[in-house]
Amino acid sequence: TKHFVDPRHELERLLVDILTSLVHHLSAVEDMVQFGDLSLLFGAISTPCARHNKLWRKAAAETLLALCRYNLNNDVIDFVHKKGSIGFCIRNIRQAMEQPPGEIIEIFSTILDCLKASCDFSQVLMEDFSSGGGYKLVYDFFIRLEKKGSAPQTGEAVRGTVDLVGDFVLYGFNGLKPTLTDER
């Protein structure tokens with residue numbers, strides 16, 4: 006018997022392969038910055054979408070994370086900052102708070118991974134996250150999960166978010182140095 010392959014998933018997989026291959030090359034990333042296409046990826050990862058389009062959100066997230074791994078640089082960070090992409094994502098998440106918790110965590114995960122990667126170059130995107138109300142949004146998300154009760158997926162969502170935030174607070178442009186005191 007032949008195994009049925011969903012054409013949408015095949016197309017999505019092909020697109021992800023092409024896009025992630027492209028962002029391995031600095032010239033492609035420079036073109037994305039020059040023509041503003043990079044802001045489309047931030048929109049795609051954070052805009053609420055119908056269930057059948059979630060695979061495109063994952064495709065955009067994989068592309069963005071590949072870009073962060075292989076060709077993140079000051080020009081990309083400057084573009085993301087000037088376009089207000091982090092604030093845009095925060096506003097989109099706030100509007101999507103009624104979505105299932107797992108979806109919100111996927112969006113948070115991609116954004117926080119991008120922020121962690123950017124810390125090797127600059128603190129500006131972390132500041133954008135802070136000034137855009139990102140920390141307040143994480144707090145609001147926890148409160149929302151707590152009010153939802155003790156459903157199994159809520160517990161998983163809380164653990165996932167705590168792990169993300171725990172990883173997130175370990176990153177920064179300037180390392181945290183321990184304070185030495187002579188208290189005994």
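With our numbering applied, the sequence shown covers 6 to 189.
The C-beta atom is built at its ideal place from N, Cα and C for all residues, glycine as well.
Remember, predicted model here, so these are calculated numbers, not experimental data.
Is the beta carbon of residue i less than 7 Å from the beta carbon of residue j?
i, j, result
"Ser-90", "Phe-147", "no"
"Val-28", "Asn-97", "no"
"Leu-169", "Phe-113", "yes"
"Ile-95", "Gly-165", "no"
"Ala-71", "Thr-25", "yes"
"Asn-79", "Phe-126", "yes"
"Leu-130", "Leu-120", "yes"
"Gly-92", "Gly-137", "yes"
"Leu-43", "Met-37", "yes"
"Pro-106", "Leu-150", "yes"
"Ile-82", "Ser-51", "no"
"Val-21", "Glu-67", "yes"
Quick one: grab the DSSP three-state call for residue i.
i, result
"His-14", "helix"
"Asp-172", "helix"
"Val-28", "coil"
"Asn-79", "helix"
"Phe-126", "coil"
"Leu-89", "Checking the displayed sequence, the identity of residue 89 turns out to be Gly instead of Leu. Of the three classes helix, strand and coil, the one that applies to Gly-89 here is coil, per DSSP."
"Phe-84", "helix"
I need the boundaries of the alpha helix (DSSP H) containing residue i, first residue and last residue.
i, result
"Asn-49", "A small fix is needed here, since residue 49 is Ala in this sequence, not Asn. From DSSP, the alpha helix (DSSP H) with Ala-49 extends over 42-51."
"Met-131", "129-136"
"Phe-4", "In this structure the chain extends from 6 to 189, so residue 4 is not present and cannot be described."
"Glu-103", "Segment: none, Glu-103 is in no alpha helix (DSSP H) and carries neither H nor E."
"Cys-54", "Segment: none, Cys-54 is in no alpha helix (DSSP H) and carries neither H nor E."
"Gly-139", "139-153"
For the ligand ADP, is there any heavy atom lying closer than 6 Å to the beta carbon of residue i?
i, result
"Ser-26", "This structure lacks the ligand ADP, and indeed carries no ligand of any kind."
Is residue i close to chain D? Criterion is C-beta to C-beta, closer than 7 Å.
i, result
"Ala-49", "Annotation note: the requested chain D is absent from the structure, which comprises a single protein chain."
Original post:
Below 8 Å, can you find three or more Cβ-Cβ pairs linking the stretch 11-21 to the stretch 44-61?
Top reply: yes
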